[in-house]
Amino acid sequence: MNDVAIARAIHVICVVIWIGGVAMVTTVILPMVRRFDVPEKRLALLEAVERRFVWQARIATLLVAASGFYMVERLQLWDRFHSAQFWWMHAMVLIWLIFTVILFAAEPLVMRRRARPGPPIAAEVKLSRMQRLHWVLLILSVITVLAAVAGSQGMSLLP
Ligand code: HEM
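Using our numbering, you'd call the opening residue of the sequence shown number 136 and step up by one each time.
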């Protein structure tokens with residue numbers, strides 16, 4: 136196995152761990168938490184899950200970027216960022232940027248604010264907003280994965 140194949144394997148494994156985790160939180164954990172029969176404990180339950188997952192996701196995002204830019208440099212793919220045909224390259228970097236801001240900047244802020252007690256109705260609104268945001272990010276990530284797999288095989292999803 137050469138260095139590019141190793142970088143590609145690291146890239147894909149980390150994408151699977153990270154986006155798989157987002158899918159699990161979106162489709163299983165969040166709906167389960169929203170139906171938990173002690174409303175005051177719902178946010179605390181979600182925080183407990185997040186605390187365990189956030190470090191996995193942070194490490195995965197760092198390795199995705201390191202392996203991704205390694206491939207860009209090693210295969211001299213920088214020109215792709217000047218062409219709309221390779222929109223999926225821009226999409227990968229954009230998704231990575233959005234998650235990086237959420238995981239490294241927004242998440243610690245939100246956690247600190249959530250630690251303050253509030254009425255259960257406010258918690259419900261927060262959970263519903265979080266679920267919507269998770270769905271949007273999951274759908275964008277799945278589209279990006281589809282386009283990246285097709286694109287790296289030489290197919291373009293644009294006419
Ligand atoms: C800094 C961010 C990223 C960079 C620089 C980057 C770069 C790359 C490069 C250079 C390739 C190989 C393209 C080729 O062989 O033609 C690739 C493949 C791929 N990337 Fe990324 N990527 C990044 C983030 C992401 C993210 C966030 C996802 C998922 C949402 C993702 C999913 C994939 C997939 C599925 C492949 C195809 C692997 C294959 O089929 O061999 N990447 N990426």
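Yeah, the Cβ is synthetic: ideal placement off N, Cα and C, and Gly gets one too. Quick caveat: nothing in here was measured; it's all calculated off a predicted structure.
Any chance the CB of residue i is under 6 angstroms from a heavy atom of the ligand HEM?
i, result
"THR162", "no"
Just to check my reading of the structure: residue i and residue j have Cβ atoms closer than 8 angstroms, yes? What is that Cβ distance to the nearest angstrom?
i, j, result
"ILE328", "SER276", "Nothing can be reported for residue 328: it is not among the residues displayed for the chain, which extend from 136 to 294."
"LEU180", "PHE171", "6 angstroms"
"TRP270", "THR161", "6 angstroms"
"TRP223", "ALA142", "Contact doesn't hold; Cβ gap of about 18 angstroms is too wide."
"PHE234", "HIS225", "About 15 angstroms separates the two Cβ atoms, so there is no contact after all."
"VAL150", "VAL228", "That belief does not hold up - the Cβ atoms of VAL150 and VAL228 are roughly 13 angstroms apart, past 8 angstroms."
Taking buried to mean at least 16 other C-beta atoms within 10 Å of its own C-beta, is residue i buried or exposed?
i, result
"MET290", "exposed"
"ILE230", "buried"
"VAL163", "exposed"
"LEU178", "buried"
Under 6 angstroms from any heavy atom of the ligand MN, does the C-beta of residue i make it?
i, result
"THR162", "Among the ligands in the structure shown, the ligand MN does not appear; only the ligand HEM can be found there."
query = If you scan the segment 141-186 from start to end, which runs of the alpha helix (DSSP H) of 4 or more residues do you find wholly inside it?
reply = Listed in chain order, they are 165-169.
ask   = Hey, which residues come within less than 6 angstroms of the ligand HEM, measuring from Cβ to any heavy atom, in chain order?
value = ARG143, HIS146, VAL147, VAL150, ILE154, VAL199, ALA200, GLY203, PHE204, MET206, VAL207, LEU212, MET227, VAL228, ILE230, TRP231, SER276, THR279, VAL280, ALA283, VAL284, SER287
message = In chain order, what are the residue ranges of uninterrupted beta strand (DSSP E) at least 3 long that sit wholly in the segment 210-253?
response = none
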